[in-house]
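Numbering (the working numbering), first residue to last: 1315 to 1548.
Glycine residues also receive a C-beta, built at the ideal position from the N, C-alpha and C atoms.
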């Protein structure tokens, strides 16, 4: 059955003959040629990654569409817990998720044979294992970055609003800093429990800046105050 849906794909819960439950990602956007290119691009990246904080691919298929078979995450995504009806996370677990995501990003940027820029780090793409270990998922927009290159330059907006850095909008620059900026927004989500873009279309970054410009951060609890103060003085 359907357990997730995005702009590029649908994710279903499936069961292998062995009895193991898995997540099946089916590409849905674009022409058959575009889906084939997107499928091969994502497959070409994810087969080269192997890290505890990266979602594990089990297999793939092309019958009835382009499918990636991934390890099922019992707790779903970070977004489903932060903004859904599930039990809220304590500070220790939030810290564990933040550290795990950072380790996964460090591996993509420095631990692979070639640097990988994920380009879509966000709460919905951080999956949680049974023990709430973070696993980065969805490499549909990811790009290789050759050693001699400082960045990619793209001509169209790719990614998720609220997580994209200013230089992306101004110059189309994509590199490790693109992921690091998005990770910073993710940290603010973990700390505040607010979405990157709220229902009024205000970005979380602007909300935090407003707190400091009006001194309203002093009304927050001690833990949140300390972390936001560190963010301000970064």
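Item to complete: Determine the contact status of residue 1468 and residue 1454, defining contact as a CB-CB distance below 7 Å.
Response: To locate residue 1468, count along the chain shown from 1; it is residue 154. To locate residue 1454, count along the chain shown from 1; it is residue 140. Going by C-beta atoms, residue 1468 is not nearer than 7 Å to residue 1454.
Item to complete: Examine the Cβ distances between the region 1320-1331 and the region 1387-1397 and report whether three or more of them are shorter than 8 Å.
Response: no
Worksheet item: Going along the chain, which residues of its own chain have a beta-carbon closer than 8 Å to the beta-carbon of residue 1443, five neighbours each way excluded?
Response: Position 129 of the chain shown, counted from the first residue, corresponds to residue 1443. Closer than 8 Å at Cβ, skipping near neighbours: 1387, 1388, 1389, 1449.
Worksheet item: Is the region 1456-1465 close to the region 1482-1501, with three or more CB pairs under 8 Å?
Response: yes
Item to complete: Take the Cβ of residue 1484 as the centre, count every other Cβ of all protein chains shown within 10 Å, and call the residue buried at 16 or more, exposed below.
Response: As a first step, residue 1484 is located in the chain shown; it is residue number 170 there, counting from the start. Classification of residue 1484: exposed, given that the 10 Å Cβ count is below 16.
Worksheet item: When you compare each of 1494, 1362, 1358, 1519 to residue 1502 by their alpha carbons, which one comes out closest?
Response: Counting from one through the chain shown, the residue named residue 1502 turns up at place 188. Sorting 1494, 1362, 1358, 1519 by C-alpha distance to the C-alpha of residue 1502 places 1519 at the top.
Discussion item. Quick check: the Cα distance between residue 1357 and residue 1475, rounded to an integer number of angstroms?
Written reply: Position 43 of the chain shown holds residue 1357. Position 161 of the chain shown holds residue 1475. Taking the straight line joining both Cα atoms gives about 25 Å.
Worksheet item: Would you say residue 1409 reaches chain D, if we count a Cβ-Cβ gap shorter than 7 Å as a contact?
Response: No chain D is present in this structure, which holds just one protein chain.
Worksheet item: Mind checking whether residue 1374 and residue 1382 have CB atoms under 7 Å apart?
Response: In the chain shown, counting from the first residue as 1, residue 1374 sits at position 60. In the chain shown, counting from the first residue as 1, residue 1382 sits at position 68. In this structure, residue 1382 lies closer than 7 Å to residue 1374 by Cβ.
Worksheet entry | DSSP bridge partner residues for residue 1341 (one or two, in chain order) | Walking along the chain shown from the start, residue 1341 turns up at place 27. Answer is 1323.
Item to complete: Excluding the 5 residues preceding and the 5 following residue 1411 in the sequence, name in chain order all residues of the same chain whose CB lies nearer than 6 Å to its CB.
Response: As a working mapping, residue 1411 is identified with position 97 in the chain shown. Same-chain partners within the cutoff: 1448.
Worksheet item: Under 7 Å, do residue 1369 and residue 1419 count as touching if we go by C-beta distance?
Response: Sequence index remark: in the chain shown, residue 1369 carries index 55 (1-based). Sequence index remark: in the chain shown, residue 1419 carries index 105 (1-based). Cβ atoms of residue 1369 and residue 1419: not closer than 7 Å.
Fill in: Which listed residue (1466, 1436, 1513, 1516) has its alpha carbon closest to that of residue 1499
For the purposes of this step, residue 1499 is taken as residue 185 along the chain shown, with counting starting at 1. Checked all of 1466, 1436, 1513, 1516; the closest Cα to residue 1499 is 1436.
Worksheet item: Name the DSSP beta bridge partners of residue 1458, please?
Response: Here residue 1458 refers to the residue found at position 144 when the chain shown is read from its first residue. Note: residue 1458 sits in a beta bridge opposite 1430.
Worksheet item: How is residue 1536 classed by DSSP in three states: helix, strand or coil?
Response: Your numbering for residue 1536 matches position 222 in the chain shown. Low per-residue confidence applies at residue 1536: pLDDT is 47, beneath 50, and the placement is therefore not dependable, though the value from the model is reported in the following sentence. Three-state DSSP puts residue 1536 in a helix.
Worksheet entry | Contained beta strand (DSSP E) runs [length at least 3] in the region 1352-1397, N- to C-terminal order | 1371-1375, 1381-1385
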